[in-house]
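Read top to bottom, the protein sequences are chains V and G. So in this note's numbering, the last spot in the first sequence is 834, and the numbers never skip. So in this note's numbering, the last spot in the second sequence is 1203, and the numbers never skip. Working notes, beginning with the structure itself.
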Amino acid sequence: MKIPVSWLREFVEIPENLSGREVSELLLSVGFEVEGVDTVGDVRGPLVVGLVKTIEELTDFKKPIRWCTVEVGAAHGNEATPGIRGIVCGARNFSEGDLVVVAVPGTTLPGDFTIATRETYGHISDGMICSVRELGIGDEHDGILILPAGSATPGDNAFPILGLGDEVLDISVTPDRGYALSMRGMAREAAISQGVSFTDPGVALAELPEAGGTVIPAASDDYQACDLLVLRTLGNYNPAAPTPDFIKARLAAVGVRSISLAVDLTNYVMFELGQPLHAFDADKITGTIRARWAKAGETVETLDGIKRDLTTEDLVIADDARVLSLAGVMGGAYSEISETTTRVVLEAAHFNPAVIAKMSRRHKLSSEASRRLERGVDRMLPPVASARFAQLLIEHGGASFEGTSGVEQAPDPIVISFDPNLPGQVAGHTYDAASVEKILVSLGCSVDTSKTPWSVRTPTWRPDLAAAIDLVEEVIRIDGYEKVPATLPTAPAGRGLTELQKLQRRAGLHLAGRGLVEVRNYPFVGVAEFDALGIPAKDSRRHAVQLANALSDEQPLMRTTLLPGLTGALARNISRGFTDVALFEISSVSLLSAKQSATGVTNPPRPSVLQRPSAADIAALEALLPEQPLHLGVLLAGALNPAALGAKPTPAAWSDAIDIALALGIELGVEIEVAAGDNAPWHPGRCAALSINGELIGYAGELAPRALENLGLPKRAVALELNLSALLAAANVVASAPAIWTFPVAKEDIALVVKADVAATDVLNVVREAAGQLLEDIRLFDVYEGSQVAEGHKSLAFALRFRAQDRTLAAEEVAAARQAGVDAAAKSFGASLR
Amino acid sequence: MSAPNKSFDPVEVTTLSAEVLAGFVSEAISAITAANSLDELKEVRLAHTGDRSPLSLANREIGALPPAAKAEAGKRMGESRGAVNSALATRTQELETLRDAALLIEESVDVTTATGVRAQGGRHPLTTIQEQIADVFVALGYQLAEGPEVESEWLNFDALNIAPDHPARTMQDTFFIGSEDSGIVLRTHTSPVQVRSMLNRELPIYVICPGRVFRTDELDSTHSPVFHQVEGLVIDKGITMADLKGTLDHFAQSMFGEGIVTRLRPSYFPFTEPSAEVDLQCFVCRGTSVDNPDAPCRTCRSEGWIEWGGCGMVNPKVLVATGIDPEIYSGFAFGMGLERTLMFRHGITDMRDMVEGDVRFTRAFGLGV
Ligand SMILES: [Zn+2]
């Protein structure tokens, strides 16, 4: 909201010496953030009103030139010709007797152009007659700016007349303060902020001449939607009457284009008082002007040239023949003020803010009017604002007053029961009753302090004040938030982070400590990414939550896997010249159950907010949502460790992805089981399924060549994705201490030849099981395939350690346990000792 | 070896005379001192203490001496051998020390070639700043609360006194699931976690809720459709705005240094009343750059304060919607953007750096901010 300080000063006694910057600081202290302070026109130095006395046409030059004498007042003439200056001018749109604006020597115009006395075209030119463009306040015409006859005296300072030098505050107004979207509202706030007097322009009706003409009748079909409608009809309007310069200047300063006098005045009064107004061409009206609900199938063409289909939830202003406008949002094209309009009917109304907000939202149409009406406008303003408009149209447009009509249903006033101690209780700071009362009165409240709690009747211009807490906020705000002290409340003794929260941190630290780099990708994915990864059509990962308004048509889904984001981040790093990249991400994914729809439900629960929702309501709300577990994703390309002296970098292999999962399991005290898996986008022959106690938690291994090629990623990149929530939940928080046996260890190695498709872990598990209690540890240390074993077979070498709790093992005991393992492997897998 | 001869005069056995033995010792010590390596010393040891050495040969003669002479000759022999052995031990130690020193010099390496053997990992600063903030509040006794990112519209808006027609609920700001009427959104703030806390936790409530949130902004250098917030919520008996101010000051000092304070400016949020914007005193210039063109401050643009977040006293309507009696309990809430906090604290100039996953960015922050 742009606020010219000069306009503000009409209603509030801001000390003369306060700059715009200082005014903005006062407003800031009461909660109005000033985003900038601009000065209208970059003009410095004497700029005065001049009266053109004589014009001499100079014809000896290539273009017509005028030599003028201009009366500029005693203070601005020169010694030779007191009060008069000779000026050479190239423009031709002015005549002797016109009032113009003169930049006398020493004045600096926009572009740092300083006027000096100079000889030109055979004359001394002692100043400049200015155009709007030269003054930097517009570019609508090239000719000289001519002031209305008699509107000023030669020698007058032209700055205030043109609104030049006026400072304009750009204020952001929070949505609860609709009243502040006007000079009236901001002037009141400025007055309160510095305790100076305020003249309210929004209470007294302007004096109008006696009515004399035909009045257009008014009606409202629904007082819940429109409880006040005032019409003022004016005739004999001169559609060619110009808008006064000061009004144009002010509208320009608040960012509104000048259109015609009648339209400009509706805007001017709206910015001054805050009441949106709409002027119709009265000759286009048939019968009664009525606020009513639109009928299905009706349409209206709005002023922006768009034909809009209406529904029964649209409130319109209509006459007996047609819909004239979208009430409070935008006028209609049919009845708009034109160059031939001579009779004007002005609508000023009070609408239900929710109705306007809904219409504005439904039609995606936000106007200066709807912005104010949806935030709430003073219900007493329509008659005041429309009288102000009528007065101005009579004064500047030659109109005559024909009459007023209107309908209303007055609401009950708002009276709040208010404990004067409440502000102190909320703030933690003492406010004496007298200050509380004074602040409430300054806002416009009438306060009955005869009984406690007080009765506070709020002013009509503050529909936002509806409950005691609203008044509390105003008391603390006006007294100053800076007066609130600082104390630290004592929370009950805490128990710190939960185990899961601690474990999640440990997982991140562990992975980063292994040399992996954490990324945080966007959760948006698309079908093309599933396709590139080779995820099959029926895969549950394709059953993803769908956005109604995705930023990109390519990524309308919420991720069910972290891999698309990781492959994107890997591609970006590779494109930036990195070949060895190890990434991880810990984020939630959104997993729908088979029953849940990707687009949600059509009739979601909406519990009342006037009480705690029931357990059933809460359960129904939860049931809307997908399961959102944390996943861990890891993606490795190139070498896990960089090249270093004496160590050749080895590219990350399928086993590294599995190792990262297993090591994380060890860090968290969870044993992760590995089995052969088959799940896109992994290479079907190099994919491990990871489980905890038989419960699948994810996959690790090398990515399928086809997927890598589709994604433009390096060959042999490897990945891991697992359900981290499940892993953390299984974490062994309180580990049991092992028995430390100290009798000598016996070490045995065995090499077992099995068919190539037998899983090493399966053999290991069988041997471990069969070797019994004495086996302390078993590890796979070599896998051999080649000429030393039969075709289609491989040799698995295991290192076994035996130890007993209570004795040194005898050689026969060890041999027996070892043989038991070998025999079991032979039985289960046809393994033979090599 | 000859048999003992009782009449034998020791003086006549010249090899055992004091002079001769002294000569052997002196020769041995000269040779020991002259040995320049442990190998040379080994030869010297053999020559002067070995079986064929003059001392050993002389020693054999002792047995032939008459008993009266044996003791004296034995004593002389012992002293002579002791002197040689002591010289040998001393020289051995000297030569070993020299050898060890030479070996260390010989084995020296360029230790600066050891860099970069292991890859450098890193944690994202958005992760670690969440942990850092959580730690500040956990130390005060707060609990860390979490909630889902795909959230019901009721928890994200209705329960927070954000009316159905509030502009924030339009598709211009909020990501809806399925359609605008599905009742499911991507949470636009972490405030639904506050609602969940009020619905599910025992009173009093002291929680800190960091997390990922979503708005329909296109990504540019200062906006992102996905960003992070941290919110704090306290519901207890007698909680005041002064408690809010003191908590924010404590937070500011914990994150930005001793003595840094916050400033509250009136504002509006549907879920708090009174509501305020939170400004942070500039932790770089501490306000000295204001009206001081000679020492401008880039962090606060010489304004002395940095916009940090929003806060307020929990609106009684929100307490009612979650079943908490506003006549007994009051509370405050505050919230800050984490990207913004990281940007001004760490001099990050482009939002995109935080979302693109460039390894250089994350690595710069190590394991924690
Ligand atoms: Zn600073």
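From the three backbone atoms N, C-alpha and C, an ideal C-beta is built for every residue, glycine too.
Return the Cβ separation of V:Glu35 and V:Asp245 in integer angstroms, given the expectation that the two are a contact with Cβ distance under 8 Å. Mapped onto the first sequence, residue 35 of chain V falls at position 35. Mapped onto the first sequence, residue 245 of chain V falls at position 245. The pair is not a contact, with the Cβ atoms about 27 Å apart (cut-off 8 Å).
Let me check you understand the geometry: is the CB of G:Thr1133 closer than 7 Å to at least one non-hydrogen atom of ligand 1? Within the second sequence, residue 1133 of chain G is the residue found at index 299, counting from 1. Yes.
Judging by CA-CA distance, which residue of G:Leu938, G:Ser1025 and G:Ala856 is the nearest neighbour of G:Gly1169? Position 335 of the second sequence, counting from 1, holds the residue named residue 1169 of chain G. Ranking the options by Cα distance to G:Gly1169, first place goes to G:Ser1025.
Does G:His1084 come within less than 8 Å of chain V when only Cβ atoms are used? Counting from one through the second sequence, the residue named residue 1084 of chain G turns up at place 250. Cβ-Cβ to chain V under 8 Å: yes for G:His1084.
Does V:Asp176 come within less than 8 Å of chain G when only Cβ atoms are used? Position 176 of the first sequence, counted from the start, is the residue given in the question as residue 176 of chain V. Taking Cβ atoms only, chain G reaches closer than 8 Å to V:Asp176, which makes this a yes.
V:Glu748 - partner residues in DSSP beta bridges: Numbered from 1 along the first sequence, position 748 holds the residue referred to as residue 748 of chain V. Answer is V:Leu800.
Determine the extent of the alpha helix (DSSP H) in which G:Leu1172 is found, giving its start and end residues. On the second sequence, position 338 is the one that residue 1172 of chain G refers to. Unbroken alpha helix (DSSP H) run through G:Leu1172: Leu1172 to His1180.
Consult DSSP for V:Ile666 and reduce its assignment to one of helix, strand or coil. In the first sequence, residue 666 of chain V corresponds to position 666, counting from 1. Residue state, collapsed to three classes: helix.
Cβ neighbours of G:Phe858 in the same chain (closer than 6 Å, five flanking residues each side left out): Within the second sequence, the letter at position 24 stands for residue 858 of chain G. These residues qualify, in order along the chain: Pro888 and Leu889.
So is V:Leu234 buried or exposed if we call it buried at 16+ other beta carbons inside 10 Å? Here residue 234 of chain V corresponds to residue number 234 of the first sequence, with the count starting at 1. Label assigned to V:Leu234: buried.
Any heavy atom of ligand 1 closer than 7 Å to the Cβ of V:Gly97? Locating residue 97 of chain V in the first sequence gives position 97, where the first residue counts as 1. V:Gly97: no, Cβ never under 7 Å from ligand 1.
Residues of chain G with CB closer than 8 Å to the CB of V:Asp223, please, in chain order. Taking the first residue of the first sequence as position 1, residue 223 of chain V is located at position 223. The sequence shown places Tyr at residue 223 of chain V, not Asp. None at all; the shortest Cβ gap to chain G is about 20 Å.
Straight-line Cα distance separating G:Gln1006 from V:Ala116: In the first sequence, counting from the first residue as 1, residue 116 of chain V sits at position 116. In the second sequence, counting from the first residue as 1, residue 1006 of chain G sits at position 172. Cα-Cα distance, rounded: 54 Å.
Please confirm whether V:Asp580 and V:Ala647 have their CB atoms less than 8 Å apart. One-based indexing of the first sequence puts residue 580 of chain V at position 580. One-based indexing of the first sequence puts residue 647 of chain V at position 647. Cβ atoms of V:Asp580 and V:Ala647: not closer than 8 Å.
Chain G partners of V:Phe578, CB-CB under 9 Å? Taking the first residue of the first sequence as position 1, residue 578 of chain V is located at position 578. Within 9 Å Cβ-Cβ: Asp1192, Val1193 and Arg1194.
Output, in sequence order along the chain, the residues in the stretch 1063-1080 of chain G whose CB is closer than 9 Å to any CB in chain V. Val1068, Asp1070, Gly1072, Ile1073, Thr1074, Met1075, Ala1076, Asp1077, Leu1078, Lys1079 and Gly1080
Under 7 Å from the C-beta of V:Pro276: neighbouring residues of chain G: Locating residue 276 of chain V in the first sequence gives position 276, counting from the first residue. Result: empty, since nearest Cβ-Cβ is about 18 Å, beyond 7 Å.
Rounded distance between the beta-carbons of V:Gly41 and V:Gly165, thought under 8 Å: Locating residue 165 of chain V in the first sequence gives position 165, where the first residue counts as 1. Locating residue 41 of chain V in the first sequence gives position 41, where the first residue counts as 1. Yes, they are in contact, since the Cβ atoms of V:Gly165 and V:Gly41 sit about 7 Å apart, within 8 Å.
Would G:Asp873 pass as an interface residue toward chain V - the criterion being a Cβ-Cβ separation below 8 Å? Walking along the second sequence from the start, residue 873 of chain G turns up at place 39. Not an interface residue.
Best match in V:Gly136, V:Leu99, V:Gly97 and V:Cys68 for proximity to V:Thr120 [C-alpha to C-alpha]: Position 120 of the first sequence, counting from 1, holds the residue named residue 120 of chain V. Selected option, being the one with the closest Cα: V:Cys68.
Any heavy atom of ligand 1 inside 7 Å of the beta-carbon of G:Val1118? As a working note, residue 1118 of chain G is residue 284 in the second sequence. The answer is yes for G:Val1118.
Measuring alpha carbon to alpha carbon, tell me which residue in G:Ser860, G:Ile896 and G:Gly897 is nearest G:Gly827. Lying before the first or after the last residue shown, residue 827 of chain G is absent from chain G, which here runs from 835 to 1203.
With a threshold of 7 Å, establish whether the CB of G:Gly1138 neighbours any heavy atom of ligand 1. Your numbering for residue 1138 of chain G matches position 304 in the second sequence. G:Gly1138: yes, Cβ under 7 Å from ligand 1.
At what residue ranges does the stretch 905-947 of chain G contain a whole run of the beta strand (DSSP E), taking only runs of 3 or more? none
For the putative contact between G:Phe971 and G:Asp1077, defined by C-beta atoms under 8 Å, what is the C-beta separation to the nearest angstrom? The sequence position of residue 971 of chain G within the second sequence is 137, counting from 1. The sequence position of residue 1077 of chain G within the second sequence is 243, counting from 1. Going by Cβ atoms, the distance from G:Phe971 to G:Asp1077 rounds to 14 Å, so no, they are not a contact pair.
Does any heavy atom of ligand 1 sit closer than 7 Å to the C-beta of V:Ser588? Working through the first sequence from its first residue, we reach residue 588 of chain V at position 588. Result no, Cβ not under 7 Å from ligand 1.
Leaving out five residues before and five after V:Val822 in sequence, what residues of the same chain have Cβ atoms less than 8 Å from its Cβ? Counting from 1 along the first sequence, the entry for residue 822 of chain V is found at position 822. Taken in chain order, the residues that qualify are Ile750, Leu752, Val767, Ala831 and Leu833.
Starting from the beta carbon of G:Pro1044, find every residue of chain V whose beta carbon is closer than 8 Å, and list them in chain order. As a first step, residue 1044 of chain G is located in the second sequence; it is residue number 210 there, counting from the start. In chain order: nothing, as chain V lies at least about 11 Å away.
Just to confirm, are G:Val1064 and G:Pro1038 a CB contact at a threshold of 8 Å? Your numbering for residue 1064 of chain G matches position 230 in the second sequence. Your numbering for residue 1038 of chain G matches position 204 in the second sequence. Against a cut-off of 8 Å, the Cβ pair of G:Pro1038 and G:Val1064 comes out as no contact.
Mind checking V:Trp741: buried by the 16 CB within 10 Å criterion, or exposed? Along the first sequence, read from residue 1 onward, the residue named residue 741 of chain V stands at position 741. That one is exposed.
For V:Gly513, which residues in the same chain have their Cβ closer than 8 Å to its Cβ, ignoring the five residues on either side in sequence? For the purposes of this step, residue 513 of chain V is taken as the residue at position 513 of the first sequence. Counting only Cβ-Cβ distances below 8 Å, and skipping sequence neighbours, we find nothing.
From the beta carbon of V:Met330, is the nearest beta carbon of chain G less than 8 Å away? Position 330 of the first sequence, counting from 1, holds the residue named residue 330 of chain V. No, V:Met330 lies away from the interface with chain G (no Cβ there is under 8 Å from its Cβ).
Just the Cα atoms here: how many angstroms apart are V:Lys755 and V:Leu662? Taking the first sequence and counting its residues from 1, one reaches residue 755 of chain V at position 755. Taking the first sequence and counting its residues from 1, one reaches residue 662 of chain V at position 662. So the alpha carbons of these two residues sit roughly 26 Å apart.
At a cut-off of 7 Å, would you count V:Lys325 as near ligand 1, judging by its Cβ distance to the nearest heavy atom? The residue labelled residue 325 of chain V in the question sits at position 325 within the first sequence. The sequence as given places Ser at residue 325 of chain V; Lys does not occur at that position. No, the Cβ of V:Ser325 stays beyond 7 Å of every heavy atom of ligand 1.
Can you check whether the C-beta of G:Thr1004 is within less than 8 Å of a C-beta belonging to chain V? Walking along the second sequence from the start, residue 1004 of chain G turns up at place 170. Interface residue, yes.
For the stretch 579-610 of chain V, list the beta strand (DSSP E) runs that are entirely contained and at least 3 residues long, ordered along the chain. 581-588
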